[in-house]
Each structure stands twice: as structure tokens, then as C-alpha cells.
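Asks:
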Amino acid sequence: MVSPHHVVKIVTVLSAVALTASVAVTPAYALQDIAIEDAVVAQRGAVTADNGVVMQSDDQTGDQQSQDSMPDNPNAKLPDTVSDEISDDATVVSEDLAVTSEGEVKNIETGETVTDATLVGTHDQQPDPLAKTNGESFIPVSAEDVKNAVADANVQLSKFESNEYGAHWGTYNNTKAFFDYQNNLFVQQAKGVIDVSGWQGDIDWAKAKADGVEGVIIRLGYGEGNNADKKAQRNISECKRLGIPFGIYWYSYADTPALAKEEGADVVAKLKQFGVNPSDLAYPVYYDLEKWTWEGHQPPTDPSVYNNIVNNWYSALQSAGYKNLGVYSYTSYLQGPLKHADIYAKTTWVAQYGARMGFDSFPTNSRGWQYTSSGKVNGISGNVDMNAFGNKAYVNGGSSNSATSYEVKGNMGVEWRSIGAEKSVIGKPIANEVCDWTQGRVNCYQNFENGAISWTPSTGAHYTTGAIRKEWARRNYEHGVLGYPIEDEKKLSNDWKYQRFQNGDIWSRGTKESRIVLYNLRDSFYKNGGYSSLGGPVADEENMGRGWWRQRFQYGDVWSKDGTDHRFVIKFDLRDSWNQHRGFSWLGAPVANEENMGNGYWRQRCENGDVWTRNGASEKYIVMLNLRDSFYKNGGYSSLGGPVADEENMGRGWWRQRFQYGDVWSKDGTDHRFVIKFDLRDSWNQHRGFSWLGAPVANEENMGNGYWRQRCENGDVWTRNGASEKYIVMLNLRKEYYAKGGFSKLGGPVSEERNLGSIWRQDFQKESIYAH
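Letter by letter, the sequence shown follows residues -30 to -1, 1 to 742 of mature numbering (1 follows the signal peptide of the UniProt record, and there is no 0).
(1) Going straight from the alpha carbon of threonine 80 to that of serine 336, what length do you get?
(2) Would you tell me roughly how many angstroms separate the C-alpha atoms of alanine 68 and valine 116, rounded to the nearest one?
(3) Would you kindly work out how many angstroms separate the C-alpha atoms of leucine 212 and isoleucine 187, rounded to a whole number?
(4) Excluding sequence positions up to five away, which residues of its chain have a Cβ less than 6 Å from the Cβ of phenylalanine 359?
(5) Where does the unbroken beta strand (DSSP E) through aspartate 50 begin, and where does it stop?
(6) Measuring only the C-alpha atoms, how far is histidine 657 from isoleucine 698?
(7) Measuring straight from C-alpha to C-alpha, what distance separates serine 112 and glutamate 265?
(8) If you reduce the DSSP assignment to three classes, tell me which class glycine 217 lands in.
(9) Consult DSSP for isoleucine 540 and reduce its assignment to one of helix, strand or coil.
(10) Do asparagine 294 and proline 248 have their C-beta atoms within less than 8 Å of each other?
(11) Assign serine 274 to buried or exposed, taking buried as 16 or more other Cβ atoms, counted over all protein chains shown, within 10 Å of its Cβ.
(12) Is the beta carbon of threonine 583 less than 8 Å from the beta carbon of glutamate 577?
(13) Please state whether the Cβ-Cβ distance between aspartate 181 and asparagine 348 is less than 8 Å.
(14) Just checking, does the segment 92 to 106 make contact with the segment 145 to 156 on the three C-beta pairs under 8 Å criterion?
(15) Out of Leu544, Val120 and Tyr525, point me to the one whose CA is closest to valine 593's CA.
(16) Considering only the beta carbon of each residue, do arginine 479 and glycine 506 sit closer than 8 Å?
(17) Taking Cβ positions, are glycine 234 and leucine 304 nearer each other than 8 Å?
(18) Given glycine 328, which residues of its chain have a CB within under 7 Å of its CB, disregarding the five upstream and five downstream residues?
(19) Give every residue of the same chain whose Cβ lies closer than 7 Å to the Cβ of lysine 603, excluding the five residues on either side of it in the sequence, and list them in chain order.
(20) Give the DSSP-derived three-state secondary structure of lysine 467 in the structure shown.
(21) Mind checking aspartate 33: buried by the 16 CB within 10 Å criterion, or exposed?
(22) In angstroms with no decimal places, state the Cα-to-Cα distance between residue 808 and aspartate 599.
(23) Please determine, among Asn104, His551 and Asp312, the residue with the shortest C-alpha to C-alpha distance to glycine 296.
(24) Are the segment 382 to 401 and the segment 212 to 221 in contact at 8 Å, needing three or more beta carbon pairs?
(25) Ignoring anything shorter than 3 residues or poking outside the segment 639 to 697, list the beta strand (DSSP E) runs there in chain order.
(26) Is it buried or exposed for lysine 467, if we count other Cβ within 10 angstroms and need 16 for buried?
(27) What residues match up with tryptophan 139 in a beta bridge as DSSP calls it?
(28) Take tyrosine 341 as the anchor and find which of Ala315, Arg326, Asp330 and Ile56 has the nearest alpha-carbon.
(29) According to the neighbour-count rule (16 or more other Cβ atoms, all chains shown, within 10 Å of its Cβ), is glutamate 723 buried or exposed?
(30) Would you list the residues sitting across from histidine 432 in a DSSP beta bridge?
(31) Along the alpha helix (DSSP H) that carries alanine 235, what are the first and last residues, could you check?
(32) Please name the residue or residues paired with cysteine 347 in a DSSP beta bridge.
(33) Can the beta-carbon of valine 508 be found less than 8 Å from the beta-carbon of glycine 526?
(34) What is the DSSP secondary structure of glutamine 322, reduced to helix, strand or coil?
(35) Taking only three categories from DSSP, how would you classify glutamine 288?
(36) Mind pulling the beta strand (DSSP E) runs of 3 or more residues that sit fully within the segment 483 to 511?
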């Protein structure tokens, strides 16, 4: 995606762009510091206006750029030369690639045609559009402009840094704002927003948020029939978890309205796959329209065709319930193939790398300027696109009463009166309501002596007080993790109170202890019995890894897994057994809830093994990996009962675990999964067990005539008539026995082996055998 974040040395990094105080607390935003390097001031003649924002002096246009950077792309290096094979009407799409009017991709300096499918695709497969620029954004420009810039670079005497255009952050109407180089307001009530794709790798979103990221536009994918962006699911999940407002963008390869409709269906499918509901989107789903390259295909040039493409895409999204939509592009494309009134009416986000915004037809008061592609944010390696989103005209939903007389209006007044007004715990108002409209949503908030009342159209009005209110404030109100309250606070036993919010619940006990329970963990908590079963939270959520999250409660741990419906708990003695047996590192997360197996046994299945308890806390066992497989393969609880010991390493790759009615065996690296049960186990143990007979190599066999046999590595174990007769047949005697026909010829053993000196003898029903 193209991106205009390449602004000034006059701009602070995004952490300075960030607003740390929510509008819900106060309508005043933090004043931004504007860093001006001495060299920039001297070189560009910058002066400071009375309101503290940087302006350019009249002798500089602010449109100049570094002499060795591409037009409109201050971070892209200008080539040393442009091949004669590149015509003036070609389009430069990266530092080293140009696309001819016929759709061929060529190297700028050599003129050689590029055939790499990862860059140009195949006739049936669209390429990742960011592959041409290694994930960096680039605004396409004409080859003629690049040629002129190359010629000019050889005669320019002064050099400007690539971010010295002068677009900058400041304040306006006591809110954070973004201005062009001449101090013309672009937006007030502004937010610092980044846009990302899989090319940014694994982002540490907690660090990014702490560094001032107030919103994110996430790439979901491109074209039709392709995989989703490789980091889309992670980026969406992390933004939800951390309460970072986000939107979506989708890069279009549509050359017909029919393909646009398929792209729209693909977007809907992936939004639903990743659990993104319309209500999750603080920013729109954007249709990214740029001049693309795709082997065997040509982008449209007729604005009417593009308008039909946009309308079909919009229709697919709207019919699925996604109404918050927009078009994204860059100025030159909007003034060319996209120059259509209906497309302009949908365009609310524009890329413009330079000193000012060149698109002046934004259809709504809210808008976004992607002003640089070289932003730096903690938690993201390399460059990232930066944007300023906000309102051109101030949006005010508060009243203008005097400083000493405050009005409680509408739904807030109804809520206030319902809880006893000034006689209640919340007290009298100490400020008028403050409302914030962001991307078509309205959120209102009013402070009282001992609490606050908030209101949104979807949640209604609810009060918040005490420790719950403090915790909510600590989590950054509606622009943070929790959203707005959806119920009034509720009192429970043992001094517990809780209140439900849009994205999570706040719990408190007394005046000092407070916790939050968010998203999937909250769902898991309520699904598994809630407070009556699990008590209140005793710790904050923990990221266990591999998509698993855990939160500990008084009587059990609540678990969930990103992108799945896994919602489980581990309670009481099973939790103690799980912890005692090395927990997550050893057993993994639960994959089912507890089961009452009977006879005092309880079991819970986890990823790598099952946790067992019996008779409360007195017996705690686990059955893991291959032994667990062997247990289930051989009849499980109904056949073997519960475990009576933990696993044992018997040596030579063999493992054993004893159960009530038999022993379970497995061998590393093989499919050997056997059990020794009942009287055969007694006989095996009586005859010196593993040291003498080795491990079982088959399961029991009913031989008939009262006999049972089990083959082991060094000999066979036999029983007859239950426990009354127990024998083994070992080594050479076993070989001789099978050589003479085995059970069908000789019957079962009737005695143990005897040493006759130089020879051994064992008696069977029909004959005695001898072996050296």
C-alpha cells in the first residue's frame, strides 16, 4: 500500500504524535512539542507562529525534496540513470521498476523486462503488491517526472533531508491537530494512526501502543482467491486484546466489476474467519485502489469502469453488514483513473508524501492523511506508514453552561436520577458532558463528585464509581481496552463487585484490589459457571504462548485460545495436580473440561496429557503423550480404571504407567502401545517383571481351555484358571515350544522351567520340551 508518512524533521516521532489523555477525561489534548533542528531552520527559513506551530517562510515552497529521492517518494532513492527503453508515459512503481503502458514491468536503469512471478504474478495468480518494494509503500509516478528529477539532481546545489517537507503536528481548538507545511489545518481532534501488513513481521503491539499508536489500519489481503495477509489474524487479535482501535484495508486487483464482487466476498469471508464484526471496527474497511501490475492483465483507465468496480465491492460488504467503508488511494490516481464524483464521495483516506494534501474533495468531516512511509515506532522493526486521522471541523457534543453550574441531560439525566441523583454515591456533576465523534460513532462521558456516567447509542447510560472507576480510568476509558459500561455495577458476596463493559469486565474487592477480565477469557468465565463456580479473579490475564491465554480465579483457572472456540477451566484439585506436574510447559493447555469418571476419580484432558485426581487432594496423577495414547487404544477407563502411579521410565525407550486393572506401556519412536492386565500382570510381576521378561510386545490372548497368554520381549507370561496357575516360557525354551507347534500341538504350560544341568526342561499339557 502506498503511504505518505514521510514528513519532516520538524515532526516528533509517533510517540510525540500520541495522545495520552482520553477525551473522556477531558476535551483538552496534550500540547505537542515540535522539534526543529538548527540546520533545518537555517536551510529552509522556518519561522514559528504565535500559536507555537511551525510555518515556512514565503521564500520556500515546502514542495522541494531531497535531490536524490524519487518524486512524491522522499524515502525512495532516485536512480543514477533511466534507460532509453523506459518511455515517458511509463509509470515508476518502485526504486528500480517501471511499468510500460502495455503492462510490461522493466528495470528502470537497464530497461530489461522483469518476469519474476513474485513481482508480476502469473495469468492466474496475482502478486503481493508490496513485493516490488520489499514491504515499503511507494506512490507511483510518471517516468517523465523521474527522468526530469534525475537531470535536476545533477545540477542541484542544495540537499534537503527526505523528511523536511514541513507537514507537522500541533494543537488547534485545544485538541491535537495536523497541519501542512504552510500551517493550513488538515484535521483537529486528531489521532496518530499506522497501517501495517505482514511485511512488518511480528509487531510488539504493547510497545507500539505505549509509543503512541492510537489506531491501526490492518492489511487483510489482496485480490481474490489468495491467502489472507500472513500477520492479519495476529494483528487483529492483538489490537482487540490491547484495545487499539483498528480498521482494515484490502488491495484491489479488480479489472472488472465481476472480479470486484468476488474480492468483496473474499473480504467478508476473511473478516468472519478472523472474528471481525462490524462493531469491532473503529475505522472503516478500505478498498485500496492503485495502479497495479499483474501478468496478462491491465488495470482500468476509465473512471466509469472503476466506479462500477467500487460499487460492486461496496455492495458485497454492505450486504454482509459491514457499512463502515471507504476508498483509499493516492492523489495522482484520484486525479486520473479514479476521477469520478461517486468515487470521490467514498474517498476518506489519501496518501500524499509531501508538504501538503493535494486531494481537496474529501466527502466527510472525518478524514485521513497518510503522510509518510518512513515512520519509526517501538515494537516495529523497520519503517511503518503513519497517518493523521481526525475531523476538519470541530465536533462538539457538550453543553456550554457556566463553570459552576452543570447540566445532566438526556439519558445521562435518567441514569443519574435512577440512582438517587446527588444523594447517591455518585454525587453532583462537576463538569458538563463531553462527547467525541470518531468515524461516525458518538461516545459521551460526564464526571460527578464520586464517579462518572457514560453513554453511547449501543450501550445506553451507566454509572461507574470507586475502585471500578479508577481501574477503568487506568485502562484509558473508551479509547483503551474496555470500551464503555453496558451494565451498572453489581455487588456480590465476600465484598466483590463487578461491572460489565463492552470488551471486558472490571472486578474489585474492597478499595485496593481490582482486575479486568477481557474478551475470550470473559466468555470462558461465563460459559463455565461464572462467579458462583469460579469466584473472582486473583490475577490479570497471562499470555501463555501459542495463542493461549489464562486468567486465575479463586477456585479455578479460565483459559481461551485466539481464533478458536476453546473456552475451558481447570478447577480445584485438578488445577493443583496440573500445577504440581509442571503445568503449561509440560501438559499444555486444557482441551476439555473436567469429567467425573466415578469411583472417586476426576479427569481433565490437556494438550499433551491428562490430569487425574482421586479422593480430593490425596491422589494426583498425569497420563501423558504415548502412554495416554496407549491407555485410550486399550480401552481407557472402562477397561483399565484410573491411574495409581505416575509414569516410569523403564529403560531402552520403554515407559510404563500403572492403573487399577492393568499397566499401560509405550516405547519411544514406535507404535508399541500395550497393556498387561489382571492375572497376567500378577504373573509378570511374580516372575521378576521387566528385568527378567522385558516389556510386552503384544496384548493378552485367550488361548482357550482356561489359558491366557501375553508375549513379552524375553518370554511369554501365562495364566490358567484365574490366579491359580501362573507360568512363564522364556528364551530358548520358548523358541523350541513354537518350533514344535506351540499351543495347538503342545497345549499350555503345566510347570515352570527346570534346570537339569546342561539342559533346561519345561512341561506342557501334551509334551515336555528341552533346550540348552
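All C-beta atoms, glycine included, are put in the ideal place defined by N, C-alpha and C.
Replies: The short version:
(1) Position 110 of the sequence shown, counting from 1, holds the residue named residue 80. Position 366 of the sequence shown, counting from 1, holds the residue named residue 336. For threonine 80 and serine 336, the distance between alpha carbons rounds to 44 Å.
(2) As a first step, residue 68 is located in the sequence shown; it is residue number 98 there, counting from the start. As a first step, residue 116 is located in the sequence shown; it is residue number 146 there, counting from the start. Near 10 Å, if we compare the C-alpha coordinates of valine 116 and alanine 68.
(3) Here the question's residue 212 lines up with position 242 in the sequence shown. Here the question's residue 187 lines up with position 217 in the sequence shown. Taking the straight line joining both Cα atoms gives about 15 Å.
(4) As a first step, residue 359 is located in the sequence shown; it is residue number 389 there, counting from the start. The answer, listed in chain order, is Lys161, Val163 and Gly338.
(5) Taking the first residue of the sequence shown as 1, we reach residue 50 at position 80. That residue, aspartate 50, is in no beta strand (DSSP E); it is neither H nor E in DSSP.
(6) To locate residue 657, count along the sequence shown from 1; it is residue 687. To locate residue 698, count along the sequence shown from 1; it is residue 728. So the alpha carbons of these two residues sit roughly 7 Å apart.
(7) Within the sequence shown, residue 112 is the residue found at index 142, counting from 1. Within the sequence shown, residue 265 is the residue found at index 295, counting from 1. Serine 112 and glutamate 265 have their C-alpha atoms spaced approximately 20 Å apart.
(8) Residue 217 sits at position 247 when you count from the first residue of the sequence shown. DSSP places glycine 217 in strand when its eight states are reduced to three.
(9) Here the question's residue 540 lines up with position 570 in the sequence shown. DSSP places isoleucine 540 in strand when its eight states are reduced to three.
(10) In the sequence shown, counting from the first residue as 1, residue 294 sits at position 324. In the sequence shown, counting from the first residue as 1, residue 248 sits at position 278. The answer is yes: Cβ separation under 8 Å.
(11) Counting from 1 along the sequence shown, the entry for residue 274 is found at position 304. Using a 10 angstroms sphere on the CB of serine 274, the tally of other CB atoms stays under 16, which defines it as exposed.
(12) Along the sequence shown, one-based indexing puts residue 583 at 613. Along the sequence shown, one-based indexing puts residue 577 at 607. For threonine 583 and glutamate 577, no; Cβs fall outside 8 Å.
(13) The residue given as residue 181 occupies position 211 in the sequence shown. The residue given as residue 348 occupies position 378 in the sequence shown. Yes, the Cβ-Cβ distance between aspartate 181 and asparagine 348 is below 8 Å.
(14) no
(15) Reading the sequence shown from its first residue, position 623 is the one you call residue 593. Ranking Leu544, Val120 and Tyr525 by CA distance to the CA of valine 593 puts Leu544 first.
(16) Here the question's residue 479 lines up with position 509 in the sequence shown. Here the question's residue 506 lines up with position 536 in the sequence shown. Contact flag set, yes.
(17) Taking the sequence shown and counting its residues from 1, one reaches residue 234 at position 264. Taking the sequence shown and counting its residues from 1, one reaches residue 304 at position 334. No, they are not a contact pair.
(18) For this step, residue 328 is matched to residue 358 along the sequence shown. Counting only Cβ-Cβ distances below 7 Å, and skipping sequence neighbours, we find Thr301 and Gln322.
(19) On the sequence shown, residue 603 is found 633 positions in, with the first residue counted as 1. The answer, listed in chain order, is Arg643.
(20) For the purposes of this step, residue 467 is taken as the residue at position 497 of the sequence shown. Of the three classes helix, strand and coil, the one that applies to lysine 467 here is strand, per DSSP.
(21) If you number the sequence shown from 1, residue 33 lands on position 63. Low confidence applies to aspartate 33: its pLDDT is 39, below 50, so where it sits in the model is not reliable, and the reading given next is rough at best. Aspartate 33 should be labelled exposed.
(22) Examination of residue 808 is not possible in this model, given that the chain is present from -30 through 742 alone.
(23) As a first step, residue 296 is located in the sequence shown; it is residue number 326 there, counting from the start. Cα-wise, what sits closest to glycine 296 is Asp312.
(24) no
(25) 643 to 647, 671 to 674, 677 to 681 and 685 to 690
(26) Here residue 467 refers to the residue found at position 497 when the sequence shown is read from its first residue. Burial state of lysine 467 is buried, judged by a 10 Å Cβ sphere holding 16 or more other Cβ atoms.
(27) Here residue 139 refers to the residue found at position 169 when the sequence shown is read from its first residue. Per DSSP, Phe148.
(28) Start at 1 with the first residue of the sequence shown, and residue 341 comes out as number 371. Out of Ala315, Arg326, Asp330 and Ile56, Arg326 has the C-alpha closest to the C-alpha of tyrosine 341.
(29) In the sequence shown, counting from the first residue as 1, residue 723 sits at position 753. Answer is buried; the Cβ neighbour count reaches 16.
(30) As a position in the sequence shown, residue 432 is number 462, starting the count at 1. Partner(s): Ser424.
(31) Your numbering for residue 235 matches position 265 in the sequence shown. Per DSSP, alanine 235 belongs to the alpha helix (DSSP H) from 227 to 243.
(32) Counted from its first residue, the sequence shown places residue 347 at position 377. The sequence given here places valine at residue 347; cysteine does not occur at that position. The partner list for valine 347 (beta bridge, DSSP) is empty, contrary to what the question assumes.
(33) Walking along the sequence shown from the start, residue 508 turns up at place 538. Walking along the sequence shown from the start, residue 526 turns up at place 556. Not closer than 8 Å, so no.
(34) Residue mapping note: residue 322 aligns to position 352 of the sequence shown, counting from 1. DSSP places glutamine 322 in coil when its eight states are reduced to three.
(35) As a first step, residue 288 is located in the sequence shown; it is residue number 318 there, counting from the start. Secondary structure of glutamine 288 (DSSP, three-state): helix.
(36) 483 to 488
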